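**Student:** The structure is given below, and queries will be raised subsequently.
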Amino acid sequence: MAVISVIEAVRSAMQEEMRRDKSVFVLGEDVGKRGGVFLSTQGLIDEFGESRVIDTPLAEASIMGIALGAAFKGMRPIPEVQFSDFVWPSINQLVGEAARARYGSNGQLTVPMVVRIPYGGGIRGGLYHSQNVESFFFHVPGLKVVSPGTPYDAKGLLKSAIRDDNLIIFLEHKKSYRLVRGEVPEEEYTIPIGPADVKRQGSNITVVSYGLMLHHCLEAAELLSQEDVDVEVVDLRTLRPLDTETIINSVKKTGKILIVHEDNLTGGVGAEIAAIVADQAFEYLDGPISRLCGPDIPTMPFAQSLEDAYLPNTDKVAAALRELAQY
Amino acid sequence: MALIIELPHVGESVVEGTIGKWLKKPGDQIERYDPLVEIVTDKVTMEMPSPVSGVLSRIIAEEGETIPMGAPIAEFETDDPLPPSDKKISSEPEATPPPVGTTGYLVKNVAPVGPTGGGPDGEPVISDTPTTTPINNDSPVVSKREQPNSQRLSPAVRRLAQENNVDVSAIHGTGVGGRITRDDVMASISTPQTTPTSNPADSEDTILKITPIRKMIAEAMVRSVSQIPHAWSTIETDVSSLVIVRSTHRKAFIEKESVELTYLPFIIKMVVESLRENPTLNATWGGDTIILKNRINIGVAMAGPEGLIVPVIKDADRLSIVGLAHAVSDLTFKVKNRKLSVEDVQEGTFTVNNTGVLGSISSQPIINYPQAAILTTEAIQKKPVVIGDGIAIRSIMNICMSFDHRINDGAESSTFLQSIKRRIESINLDTPVY
Amino acid sequence: MTQPRSGSKNRSARSSSSRKASDAGLPKGISAEDLIDYYKRMVLVRTIDERIWMMNRQGKVPIAASSQGHEATQLGSLLAAEKDGDCFLFTYYRDLAVKMAAGLTPAQVMKSFMGKEGDPYSNGRQFPLQGADLEHKIIQLSNVVAAGLTQAVGYALASRMQGENTVSIVYFGDGASSQGETHEAMNFAGVHKLPVIFLCENNHYAISVPQKSQMAITDIANRAEGYGLAGVVVDGMDIIEVYEATREAISHARNQGPVLLEMKLERFMPHTTDDDDKRYRPAEEVDNIRQRDPVITMGQYMTQQGFLDPEQIDEISKEATASINNATDEGEEAPLPDPSTIFDYLFKD
C-alpha cells in the first residue's frame, strides 16, 4: 500500500469523488489556481475546470450561503473555510440556516454539503491561525462533525461525507497535513461516518481522543506499556454523532477513562463524553473521569514557550495516564 | 330568529369582563367576524368579533357593565346557527402565592411578550387561550442506563462504609434492584436520623390505607407546623347574655329564615369586627414582609365525610349575623352533600373552629397555612364565678387561639382576643341581627 | 421599449420606462383573464391578511407580518414569473401575498398562521409560511434578514452548472439591503453574471428605522452599478408597471446578467402584530399612503379598462370573504402537530 500524508489523502478523496459525480464541486478562497493555501485542491482546476473549482471573492458568509443555495438545487458543494479562525462570519449560514434547513422545511429540503475546515495549532499560528472550533458545531442538531486523525481515515471519511446527503463539518488538523503519514489502499474504499475506531487494544485504562492528539495518545500508550500499564486508545473519528457504544464498552472493560483534546477544556467534546460515561457506565468506574485538554485561554499564543504550555503532548498525556492508572 | 350572544371565555382564570365600547349599534347589519364590542378584563382588552351574520336587534349588556363569562350581552336577528363555543375550561384554582422575596415567582394567566416584541401600547395582547391539547410531559430524552447491579457498591457507599467501619454485607439494600444506597449505610450507623418519614409495622399490626384527603391533611399539618412558629393564648368569655339572646331569637329565626341559629354566626361577627381593628391577625408572613390581607374571608372548620375540611365565607365582614348564619348553613350543606367547589375552600384569611361542640374546653389548634392565626370556641359550661363580692352561676366559654409568632407578639394577640371577648360579652337583645 | 443596460455609466439608476396602469390596452403576454385572475388573488390575499390580524387580537394567531400595501409588487412580479415559467423564488417574511397567490389555499395559509398540522411550509415547526414550498418553487428558510440572498445566488449558480435557464428571484426589504451578505451576494452574482433578480421591496422602514437612517442614498437601485448589475427603479404600487419591469428583468438576467429591481412601495400596517407604529410613524403619514391602496387602484384599473364591472368587483369581494370564513373554520378545527414527530427530518438517511 502507498504511504501518503493527510493532505494527499484529502486531495485524493476529492478528486475521486469529483470524477465519480458531476454534481460535486469545490468553492472557496484560493482553491482554484493556487490549489488552496495548503495545496489540498492542487490539480483539481486543471482536471475539472473553473466551473467546478471556483475561486470565490473574500467573503466567508457568502461562500456558505451560495453553497447552500446550490445544494438546494441538487448540487453537492464542498465549500472550504481557509482557516477555522475565519469561520465565524459563516456561522449564520451554517448553524442558523443550513443545519436547520431540512428540519425547518419538514423534510422538503436536503443539504448534501461538506464544509472543509483546516483547524488546530502547533504551527506557530497564534490566536488567529490555530483555533479549535469543533465544540461550536458539536453542539448543533442537524449536522454531523467529522475529524479524522490519519490519512486512511481522512480519505475514507471524506469520500463518505461527500456522498452523504447531509451537512457535514469536516475538520482537518492542519499540523497533521504533512506530519501524519500512513498507509492508504489503492482500491476504492469508504469509511462510514459515525463509528469510532479502537486504534490500540488495552485493558487497564481507556484514552479517547481525535485529530492530531490521537498520535500523542498512541505514543503515550507505547510508553506506558513499558511500565506494565495496558492502554486502550479510542479514536473518535466522528464527533457528532458520538459513538457512545464504543466508548462505553471500553470503559466497562477498563474502568478508567481519560479524554484528551487540544480544544479548550470547558464545554469541549470531553465534557459531553464525561456526562455520558457518568450516566451510562456509572457502575463500572473505578476512578474519576479525567480530561487533559487545552487550557481555558483563547487559543494557543504565538511565542514558542506559550504555545508549548498550551498544547497537550506525548509526555503530558503519559503523565495523566500514569496518574489515573495508579488511582 | 332571535339569537342570544354570550360573553365568550377568553382565557383560563378570567371569570368576568366589562363591556368597554360597543362598536355596532342596534339595527346595524353585521357580518360574521366584524368587530362587535370591546371587552375589558383584568388582564387585557380585546375586540370580540361577531360570531354570526345578522342584525343586532338589542344590546343586553351596556358599556361599563361587568358581567361573568357566559352571560348574555346582545340579541341578534339571524338565521345563522351559533358556532360551537370554545371549550369552557374550569378556572384552575389560583394557588396562594408564595412569599415574594428576591427570587420572585412566575405570574400566571398574563400574556408574555409576543414572539417578536411587546404588544401595542405596551399591554399584553391577550391572555393565554386555553389549549385543548394537554401538554405531553414525557421527556423525549431516554437515558440508556442499565439496571444497577445490586452487588456493586457506589463510590459514596464505599467511602462511607470505610470511614465508619461498616460491614456492607450485613446491610439490606433499598435502592433500585436491591442496591445498597448511601442512606442504607447511614441508617446502619448509630447516628440520629434527621427526619423519620415512616415507621415500620409489626406483623400483628393492622394497616389502614389512607385516602387522598387524609394524605393532604397530613401534608398540610406538617407544612404548617414546620414552617410557622406557633404560640398560644386562651381567654374565658362570659356568654350568659349570648345564650339568652340566641334562645330568644331562635324560634322566630327558624320560621323566618328556615335556618338554624347557632352561636357560630355571632362569634364570627365579633371575630370579624375585631379583625378589622387588628389587621395583623388577618395577614400572612411574606418572607421579609407582613402582608395584610385586604379581604376578610373566614374559614369555618368542619368535619367532612372524609376528614377535616375548611370551607370559606368570603368577605364575611360584609355579612350581618343573619347573613353569616345562612352562609354557614350553605357551606355545611355543601360539605355534607359533597357539593363544595374549589372556590369554596380557597382564599381563607382566618379560620374559626368550633371545637366546643364535641365537648372540648381547651385546644391548641394548628394554624391553616399560611394564615396568621386560628381560633377555637370551646364548650359552654355553667360555672360559679365571682361577681363583685358574690358568686353567680354564669355560662362560660373558653376561646383559644394559635398564632404565628413572627407576625404578632403576645401583646397583639391579647389585644385581639380581648376585643373579641368584649364584643361577645356585650351581645344583648338589642344587638342587631340583620 | 428600451432594454435595461447593465454597467450603466449614469449616476442614477434608470427608472422603469415600462407601461403604466393608465396606458390603454393589455400589457405584453397578458390576457384579460389573467388580469381578472390576479385581481381575484389580490382581493383574497388582502382579505386573509386583515382576518389574520383580527385573529391575532383574539389570541389565535401568535404572530403575523402583513403584506398590505405590497400587493402590487408581490403579485405583479409573481405574474411575470409565472408567465415565464422558469423562475425560482426566495422570499422574506413580508411576502404573504406572493406565497399565497403562488398557489396555497386559504385553509393552508390559516393552518400555517395557527401553527397547525397541514401547514405546507414546515408543518408547524416554524413561523407562518417559513420553510419551503417546493411545489410552488419557493424557499424561505428563516427570517434572519438577508440570509436568502446568497442562497438565491447559489441556486442560480447551480442552475447554470446544470445547463438550465432558471432565474432566481430573491425578495428583500430596504433594511436587508444594509446587511453584509446582501453585498456579498450581489458581488458574486455580478462577477459570474448569474441569472438573479434582486427584488427590493423598499417601503422606507425597517421596523421603525426610516430609510434616511438606514442608508445615505435615496435609490437603492444605484448600488447596482457598484457590483456590475443593472439597476431599475419601479413604482411598486402599480401592478402593471411591476409586471412589465419584472418581465424585462427576467429576460435580462437570463441572457446578460443580474438585475437589481427597486420597488418603491408603502407598508400600511406596523412591522408585525407585535409592533405599535404609533410610536414612530405619524398618523397622517399612514393615512396619506393608504390613499394609494393597490387593491383599490387595481380595481379602478379593471373597471376603467372594462375588464370588470362594479357588480363583479363587489361579487369578488363577497366570495373572498366567504372563502376566508371557511378557511378560518377549517384552521380552527385542524389538529395540532403530533409531538411524537419532534425528532423527524433531522437527517436524510
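Chains as they are written, first to last, in the numbering used here: chain L, 3 to 329; chain D, 5 to 438; chain E, 1100 to 1448.
Note that CB positions come from ideal geometry on N, CA and C, so glycine has one too.
Since the model is a prediction, treat every value here as computed from it, not as a measurement.
(1) Quick one: using the 10 Å Cβ neighbour count with 16 as the cut-off for buried, is E:A1255 buried or exposed?
(2) On a CA-only basis, which of L:Q328, L:K318 and L:A4 is nearest L:V231? Give me that one, please.
(3) Do D:G74 and D:V44 have their beta-carbon atoms positioned less than 8 Å apart in this structure?
(4) Closer than 8 Å, CB to CB, is D:R62 near chain E or not?
(5) If you measure between the beta carbons of E:S1165 and E:M1368, is that distance less than 8 Å?
(6) Can you list, in chain order, the residues of its chain whose CB lies under 7 Å from that of D:D393, leaving out five sequence neighbours each side?
(7) Does E:M1260 come within less than 8 Å of chain L when only Cβ atoms are used?
(8) Could you compute how far the alpha carbon of E:E1300 sits from the alpha carbon of L:N108?
(9) Quick one: is L:Q328 near chain D, going by C-beta distance under 8 Å?
(10) Mapping the DSSP letters down to three states, classify D:N432 as helix, strand or coil.
(11) Any residues in the region 167–183 of chain L with a beta carbon nearer than 7 Å to a beta carbon of chain C? Which ones, in chain order?
(12) Which full runs of the alpha helix (DSSP H) of 4+ residues lie inside the region 95–152 of chain L, going along the chain?
(13) Closer than 8 Å is the cut-off here; do at least three beta carbon pairs connect the region 305–323 of chain D with the region 250–263 of chain D?
(14) Are at least three pairs of beta-carbons, each pair with one atom in the region 292–308 of chain L and one in the region 138–147 of chain L, less than 8 Å apart?
(15) Quick one: list the residues of chain D neighbouring L:E285, beta-carbon separation under 7 Å, in chain order.
(16) Would you call the region 309–322 of chain L in contact with the region 280–297 of chain L, where contact means no fewer than 3 C-beta pairs closer than 8 Å?
(17) Run down chain D in chain order and give the residues with a C-beta less than 9 Å from the C-beta of E:R1482.
(18) Taking only the alpha-carbon atoms, compute the straight-line gap between L:M16 and L:G37 and give it to the nearest angstrom.
(19) Our contact map puts D:S367 next to D:E382 with C-beta atoms below 8 Å; I'd like the distance itself, whole angstroms only.
(20) Run the CB neighbour count on E:D1437, radius 10 Å, all protein chains shown included, and call it buried at 16 or more, exposed below.
(21) Looking at D:V304: is its Cβ nearer than 8 Å to the Cβ of D:V356?
(22) Alpha carbon to alpha carbon, how far is E:F1446 from L:V116? Give it in angstroms, no decimals.
(23) Taking 8 Å as the CB-CB limit, is L:Q95 close to chain E?
(24) DSSP has E:R1380 in a bridge; who is on the other side?
(25) Taking its Cβ as the centre, do 16 or more other Cβ atoms sit within 10 Å of D:N432, making it buried, or is it exposed?
(26) Tell me which residues of the region 1388–1406 of chain E have at least one Cβ-Cβ distance to chain L shorter than 8 Å, keeping chain order.
(27) Enumerate in chain order the residues of its own chain whose CB-to-CB distance from E:I1238 is below 6 Å, with the five nearest sequence positions on each side excluded.
(28) Which term fits D:M5, buried or exposed, when burial requires 16 or more other beta carbons within 10 angstroms of its beta carbon?
(29) Please name the residues in the region 285–319 of chain D whose beta-carbon is closer than 9 Å to at least one beta-carbon of chain E, in chain order.
(30) In chain order, what are the residue ranges of uninterrupted alpha helix (DSSP H) at least 4 long that sit wholly in the region 252–308 of chain L?
(31) Are the C-beta atoms of E:L1233 and some chain L residue less than 8 Å apart?
(32) Would you report the Cα separation of E:E1132 and E:K1139, rounded to the nearest angstrom?
(33) Does the separation of the CB atoms of E:A1206 and E:E1429 fall below 8 Å?
(34) My guess is that E:P1294 and E:T1265 are in contact by the Cβ rule of under 8 Å, so how many angstroms apart are they, rounded?
(35) Please work out which residues of its chain come closer than 6 Å, Cβ to Cβ, to D:E127, disregarding the five sequence neighbours upstream and downstream, and give them in chain order.
(36) By the 10 Å Cβ neighbour count, where 16 or more other Cβ atoms means buried, how is E:E1383 classified, buried or exposed?
**Tutor:** In terms of the structure at hand:
(1) Your numbering for residue 1255 of chain E matches position 156 in the third sequence. E:A1255 should be labelled buried.
(2) Numbered from its first residue, the first sequence carries residue 231 of chain L at position 229. It is L:Q328.
(3) Along the second sequence, read from residue 1 onward, the residue named residue 44 of chain D stands at position 40. Along the second sequence, read from residue 1 onward, the residue named residue 74 of chain D stands at position 70. Against a cut-off of 8 Å, the Cβ pair of D:G74 and D:V44 comes out as no contact.
(4) Position 58 of the second sequence holds residue 62 of chain D. For D:R62, no CB of chain E lies under 8 Å from its own CB, so it is not counted at the interface with that chain.
(5) Here residue 1165 of chain E refers to the residue found at position 66 when the third sequence is read from its first residue. Here residue 1368 of chain E refers to the residue found at position 269 when the third sequence is read from its first residue. It is a contact, given that the beta carbons lie within the stated cut-off.
(6) Locating residue 393 of chain D in the second sequence gives position 389, counting from the first residue. Correct list: empty, nothing qualifies.
(7) On the third sequence, position 161 is the one that residue 1260 of chain E refers to. When Cβ-Cβ separations below 8 Å define contact, E:M1260 makes contact with chain L.
(8) For the purposes of this step, residue 1300 of chain E is taken as the residue at position 201 of the third sequence. For the purposes of this step, residue 108 of chain L is taken as the residue at position 106 of the first sequence. Looking at the two C-alpha atoms, the distance is approximately 28 Å.
(9) The residue you call residue 328 of chain L lines up with position 326 of the first sequence. Output row for L:Q328: interface = no.
(10) For the purposes of this step, residue 432 of chain D is taken as residue 428 along the second sequence, with counting starting at 1. In the three-state DSSP reduction, D:N432 falls in the coil class, being neither helix nor strand.
(11) Within the model displayed, chain C is absent; protein chains L, D and E are what it includes.
(12) Residue ranges of uninterrupted alpha helix (DSSP H) with 4 or more members, entirely inside the region 95–152 of chain L and ordered along the chain, are 101–106 and 136–140.
(13) Touching, no, given that fewer than three Cβ pairs across the two stretches are closer than 8 Å.
(14) Judged by Cβ distances under 8 Å, the region 292–308 of chain L makes no contact with the region 138–147 of chain L, as fewer than three pairs qualify.
(15) Taking the first residue of the first sequence as position 1, residue 285 of chain L is located at position 283. Under the 7 Å cutoff, chain D gives P152, N153 and R156.
(16) Touching, yes.
(17) Within the shown structure, residues of chain E are numbered from 1100 to 1448, placing residue 1482 of chain E beyond reach of any answer.
(18) In the first sequence, the residue the question calls residue 16 of chain L occupies position 14. In the first sequence, the residue the question calls residue 37 of chain L occupies position 35. So the two alpha carbons sit approximately 12 Å from each other.
(19) Residue numbering aside, residue 367 of chain D sits at position 363 when the second sequence is read from its first letter. Residue numbering aside, residue 382 of chain D sits at position 378 when the second sequence is read from its first letter. Between D:S367 and D:E382, the beta carbon gap of about 7 Å places them in contact (Cβ cut-off 8 Å).
(20) In the third sequence, counting from the first residue as 1, residue 1437 of chain E sits at position 338. The Cβ neighbour count for E:D1437, taken over all protein chains shown within 10 Å, is under 16; the residue is labelled exposed.
(21) As a working note, residue 304 of chain D is residue 300 in the second sequence. As a working note, residue 356 of chain D is residue 352 in the second sequence. Between D:V304 and D:V356, the C-beta gap is smaller than 8 Å, which places the two residues in contact.
(22) Sequence index remark: in the first sequence, residue 116 of chain L carries index 114 (1-based). Sequence index remark: in the third sequence, residue 1446 of chain E carries index 347 (1-based). Straight across, the Cα-Cα distance linking L:V116 with E:F1446 is about 14 Å.
(23) Taking the first residue of the first sequence as 1, we reach residue 95 of chain L at position 93. Interface residue, yes.
(24) What you label residue 1380 of chain E is simply residue 281 of the third sequence in a count that begins at 1. Listed as beta-bridge partners of E:R1380 by DSSP are no residues whatsoever.
(25) Reading the second sequence from its first residue, position 428 is the one you call residue 432 of chain D. So D:N432 ends up on the exposed side.
(26) Contacts with chain L (Cβ-Cβ distance below 8 Å) from the region 1388–1406 of chain E involve no residue at all.
(27) Locating residue 1238 of chain E in the third sequence gives position 139, where the first residue counts as 1. If we look at E:I1238 and ignore the five residues flanking it on each side, its Cβ neighbours are F1189 and A1231.
(28) What you label residue 5 of chain D is simply residue 1 of the second sequence in a count that begins at 1. It counts as exposed.
(29) Answer in chain order: no residues at all.
(30) As summarised for the region 252–308 of chain L, the continuous alpha helix (DSSP H) elements at least 4 residues long and confined to that stretch are 271–282, given in chain order.
(31) Looking up residue 1233 of chain E in the third sequence gives position 134. Output row for E:L1233: interface = yes.
(32) Position 33 of the third sequence, counted from the start, is the residue given in the question as residue 1132 of chain E. Position 40 of the third sequence, counted from the start, is the residue given in the question as residue 1139 of chain E. Distance from the CA atom of E:E1132 to the CA atom of E:K1139, rounded to whole angstroms, is 11 Å.
(33) Within the third sequence, residue 1206 of chain E is the residue found at index 107, counting from 1. Within the third sequence, residue 1429 of chain E is the residue found at index 330, counting from 1. In contact: E:A1206 and E:E1429 (Cβ atoms closer than 8 Å).
(34) Here residue 1294 of chain E refers to the residue found at position 195 of the third sequence. Here residue 1265 of chain E refers to the residue found at position 166 of the third sequence. Confirmed, about 7 Å.
(35) Translated into positions along the second sequence, residue 127 of chain D becomes position 123. Confidence at D:E127 is low in this model, with a pLDDT of 44, below 50, so the placement of that residue should be treated as unreliable; the coordinate-derived value is given next. Taking C-beta separations shorter than 6 Å and ignoring five residues to either side along the sequence, D:E127 has no partners in its chain.
(36) Numbered from its first residue, the third sequence carries residue 1383 of chain E at position 284. So E:E1383 counts as exposed.
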